[in-house]
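Its first residue numbered 0, the sequence shown is counted upward by one per residue in numbering that gives the first Met the number 0. Don't be surprised by glycine CBs; every beta carbon is placed ideally from N, CA and C. Accompanying notes for the structure given below.
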Amino acid sequence: MTTTPLTTTLAAAPQGVNGVALAVFVFFFLAVTVMGFLAARWRKAEQSANLDEWGLGGRSFGTWVTWFLLGGDLYTAYTFVAVPAAIYTAGAAGFFAVPYTILVYPLIFTFLPRLWSVSHRHGYVTTSDFVRGRFGSKGLSLAVALTGLLATMPYIALQLVGIQAVLDVLGVGGGADANWFVKDLPLLIAFAVLAAYTYSSGLRAPALIAFVKDGLIYLVIVVAIIYIPIKLGGFGEIFHAAKDTLAVHGPTGKPRGELASGPNAQWAYATLALGSALALFMYPHSITATLSSRSRNVIRRNTTILPLYSLMLGLLALLGFMAIKAGTDTHGNAQLAIPQLFEDMFPSWFAGVAFAAIGIGALVPAAIMSIAAANLFTRNVYKDFLKPDATPEQEHKVAKLVSLLVKVGALAFVLTMDKTVAINFQLLGGIWILQTMPALVGGLFTRWFHRWALLAGWAVGMVYGTLAAYGVASPTQKHFGGSNAQIPGIGEIGYIGLTAFVLNVVVTVVLTFVLKALKAPEGTDETSPGDYTADVGDAGVTADLPPATAGAPAGH
Numbered sequence: 000m001t002t003t004p005l006t007t008t009l010a011a012a013p014q015g016v017n018g019v020a021l022a023v024f025v026f027f028f029l030a031v032t033v034m035g036f037l038a039a040r041w042r043k044a045e046q047s048a049n050l051d052e053w054g055l056g057g058r059s060f061g062t063w064v065t066w067f068l069l070g071g072d073l074y075t076a077y078t079f080v081a082v083p084a085a086i087y088t089a090g091a092a093g094f095f096a097v098p099y100t101i102l103v104y105p106l107i108f109t110f111l112p113r114l115w116s117v118s119h120r121h122g123y124v125t126t127s128d129f130v131r132g133r134f135g136s137k138g139l140s141l142a143v144a145l146t147g148l149l150a151t152m153p154y155i156a157l158q159l160v161g162i163q164a165v166l167d168v169l170g171v172g173g174g175a176d177a178n179w180f181v182k183d184l185p186l187l188i189a190f191a192v193l194a195a196y197t198y199s200s201g202l203r204a205p206a207l208i209a210f211v212k213d214g215l216i217y218l219v220i221v222v223a224i225i226y227i228p229i230k231l232g233g234f235g236e237i238f239h240a241a242k243d244t245l246a247v248h249g250p251t252g253k254p255r256g257e258l259a260s261g262p263n264a265q266w267a268y269a270t271l272a273l274g275s276a277l278a279l280f281m282y283p284h285s286i287t288a289t290l291s292s293r294s295r296n297v298i299r300r301n302t303t304i305l306p307l308y309s310l311m312l313g314l315l316a317l318l319g320f321m322a323i324k325a326g327t328d329t330h331g332n333a334q335l336a337i338p339q340l341f342e343d344m345f346p347s348w349f350a351g352v353a354f355a356a357i358g359i360g361a362l363v364p365a366a367i368m369s370i371a372a373a374n375l376f377t378r379n380v381y382k383d384f385l386k387p388d389a390t391p392e393q394e395h396k397v398a399k400l401v402s403l404l405v406k407v408g409a410l411a412f413v414l415t416m417d418k419t420v421a422i423n424f425q426l427l428g429g430i431w432i433l434q435t436m437p438a439l440v441g442g443l444f445t446r447w448f449h450r451w452a453l454l455a456g457w458a459v460g461m462v463y464g465t466l467a468a469y470g471v472a473s474p475t476q477k478h479f480g481g482s483n484a485q486i487p488g489i490g491e492i493g494y495i496g497l498t499a500f501v502l503n504v505v506v507t508v509v510l511t512f513v514l515k516a517l518k519a520p521e522g523t524d525e526t527s528p529g530d531y532t533a534d535v536g537d538a539g540v541t542a543d544l545p546p547a548t549a550g551a552p553a554g555h
């Protein structure tokens, strides 16, 4: 999920080890590790050495597995940490995540079933596969793939940041003065385990672990939303304390934040919510979880029940206000607000459960994201440009190796750079990934757009979005200090990604008219109208898939 920047110094909070909480955390971590490796045998097909089996779980997941997988994919550990931390830092601005997760589901109801149908008809594994088949353009497909890879890398890094926040509060990092190996050893161990079972089990591992992850998160939030307010004197006291604290003027001479958004923040709030909603299902990991489902109706049902996670997110966001009322000491690192709140308010054993929910909440999406990135590279870089005659077994091998390299890159990002950099690149990734929407969603409904116009519109959106974000300063940095800037021609402050998207669409439409008038070659469309509404059982839906996929067992 897209997050707001936290303009605080991200320093670890040195403290003693909470032995009981750590023991509970380790218990759950070991349990899901075992599940991750056992998942390799879960619904395994006879011929499993192909990308459909490893990267899409054999396209066999039913409604509930898909629901937990998508929930585990979209509502991550960093969501658990960053949304209430943003509210702890700035107040109402952090609530943008709640309306955008409400807006997104009616939007995806209109196009995800169409993407599932055409992908199953033709054996597409990634959105770039579809774009190449629809517009007959490897160049446009490559642009979409590279954008997905760029946007996914910092997203994976932020999951590791979420784990690191929990480890800091648990006190197992050795403190700020410890040498790098002792300080980072727990994170290295978590990374090694994640890499091992993802390599072994593919998408089945996070699909199975997602049941535990989401169950723990729901349990922790329900307990927190009842137990903590009782200890703090009720919600009236919590909101009163938050209002007074956020109204205090900071070093910039302005209030720290607002309990409710004022008129000056409405454009920024609304455009950020809308732009984030449009971008969420452009991310490769969202599409990977979607295409793993066994039927078109599974996707349609999931768009109706996934909003339950939005309810959970709204309750989670309130924890930011509770941390203000509780006087939570974050040691200058706002990301520690919620883990530290749990440490301070819960008995040690339940704090361990809460930390396990956050930690496992990082493992599931990090696994899916690395698999999605591996699928993109394998299909749309390796197979399209490096080895067009690659066999399914070769694709399978390359994808597994790339999934490891992606996680190594994310780990290096976290260990060598300030955490603020990871946050800023994730914000930039949201701006970038939105620029793939005209090609993907537009292509699902019409062939009118010209492939060269789509590529030009994408380039304009990427360049404008990157330069505009580069020019945003914050109290702690000169560049990439946020995702909002002045909207040209309107004068209001709004989300850069949405402005870039509008420019993208304008350029695409204008150039399409020009290129069609010049009769520029439009490429070959390998799809047909019936492909977009086909379901399992219709002629051709499984016929074009690899044998292991066509014979995969159905899931529930």
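### Task
Compute the distance between the beta-carbons of Asn301 and Ser292, then report whether it is under 9 Å.
Yes, Cβ-Cβ distance for Asn301 and Ser292 is below 9 Å.
### CB of Phe129 within 9 Å of CB of Ser118, strictly
Yes; because the gap between Cβ atoms is below 9 Å, this pair is in contact.
### Query
By the 10 Å Cβ neighbour count, where 16 or more other Cβ atoms means buried, how is Asn17 classified, buried or exposed?
Asn17 sits buried, since 16 or more C-beta atoms from the chains shown fall within 10 Å of its C-beta.
### Query
Nearest to Ala322 by CA position, among Tyr531, His121, Val80, Phe26, is which residue?
Val80
### Message
At the level of alpha carbons, what is the spacing between Lys386 and Thr377?
### Response
10 Å
### Task
At 3 residues or longer, and completely inside the segment 432-492: list those beta strand (DSSP E) runs for me, N to C.
483-485
### Task
Under the assumption that Phe36 contacts Tyr196 (Cβ atoms under 8 Å), give the Cβ distance between them as a whole number of angstroms.
5 Å
### Query
How many whole angstroms separate the CB atoms of Val171 and Pro153, which I take to be in contact at a CB cut-off of 8 Å?
In fact, because the Cβ distance is near 25 Å, the residues do not count as touching under 8 Å.
### Message
As a quick exercise: from Pro437, Asp534, Glu342, pick the residue whose alpha carbon is nearest that of Ala355.
### Response
Glu342
#### Entry: Buried or exposed (CB count within 10 angstroms, at least 16 for buried), Tyr494
buried
### Query
Nearest to Ser473 by CA position, among Asn483, Thr465, Leu466, is which residue?
Asn483
### Task
Check the C-beta distance from Ala204 over to Ala366 and give it rounded, since I have them as a contact under 8 Å.
6 Å
### Task
Indicate whether the contact test is met: 3 or more Cβ pairs, each with one atom in the segment 68-80 and one in the segment 205-218, closer than 8 Å.
The segment 68-80 makes contact with the segment 205-218: 3 or more CB pairs, one atom from each, lie closer than 8 Å.
#### Entry: CB contact check: Ala276 to chain B, cutoff 9 Å
The structure shown has no chain B; it contains just one protein chain.
### Query
Helix, strand or coil for Glu342 per DSSP?
Secondary structure of Glu342 (DSSP, three-state): helix.
### DSSP-derived helix/strand/coil call for Pro254
strand
### Message
Let's see if you can read the secondary structure: which residues bound the alpha helix (DSSP H) around Lys399?
### Response
First-last of the alpha helix (DSSP H) with Lys399: 391-415.
#### Entry: Where Gly54 falls: helix, strand or coil (DSSP)
helix
#### Entry: Beta-carbon gap between Thr287 and Gly54 smaller than 9 Å
Contact: yes.
### Task
Determine the burial state of Gly235: buried for a count of at least 16 other Cβ atoms within 10 Å of its Cβ, exposed for fewer.
exposed
### Query
What residues are listed by DSSP as bridge partners for Gly90?
Beta-bridge analysis with DSSP links Gly90 to Glu257.
### Query
Could you give the distance in angstroms between the alpha-carbon of Val508 and the alpha-carbon of Arg113?
23 Å
### Query
How would you write the range of the alpha helix (DSSP H) that Val117 sits in, first residue to last?
Judged by DSSP secondary structure, Val117 falls within the alpha helix (DSSP H) whose first and last residues are 96-121.
### Task
Please work out which residues of its chain come closer than 6 Å, Cβ to Cβ, to Leu187, disregarding the five sequence neighbours upstream and downstream, and give them in chain order.
none
### Message
Would Ala452 and Thr511 be called neighbours here (beta carbons separated by less than 9 Å)?
### Response
yes
### Task
Work out the CA separation of Val168 and Gly261 for me, nearest whole Å.
Roughly 34 Å separates the two Cα atoms.
#### Entry: Closest by C-alpha distance to Ala96, when choosing among Gly147, Ala267, Phe500
For the residues Gly147, Ala267, Phe500, the minimum Cα distance to Ala96 belongs to Ala267.
### Proximity below 9 Å, CB of Leu245 to CB of Gly90
yes
### Task
Kindly indicate which residue of Leu106, Gly441, Tyr469, Gly232 has the alpha-carbon position closest to the one of Gly456.
For the residues Leu106, Gly441, Tyr469, Gly232, the minimum Cα distance to Gly456 belongs to Gly441.
### Message
I'd like the span of the alpha helix (DSSP H) that includes Asp167, first residue to last.
### Response
137-169
### Message
Excluding the 5 residues flanking Val103 on each side, which residues of the same chain have their C-beta closer than 6 Å to its C-beta?
### Response
Ala276, Leu279
### Query
Where does Phe280 sit, in a helix, a strand or coil, going by DSSP?
It is coil, neither helix nor strand.
### Task
Could you tell me the distance, in whole angstroms, from the CA atom of Val274 to the CA atom of Val19?
Val is not the amino acid found at residue 274; the sequence shown has Gly there. Per the coordinates, the alpha-carbon of Gly274 lies some 43 Å from the alpha-carbon of Val19.
### Message
Tell me the DSSP secondary structure of Ser291 in three-state form.
### Response
Note: Ser291 maps to coil in three-state DSSP.
### Task
Give me the Cα-Cα distance between Ala144 and His248, rounded to the nearest whole angstrom.
Each residue's CA atom was taken as its position, placing Ala144 and His248 some 45 Å apart.
#### Entry: Contacting residues, own chain, Cβ-Cβ under 7 Å from Ala240 (five flanking each side not counted)
Contacts found: Ile323, Lys324.
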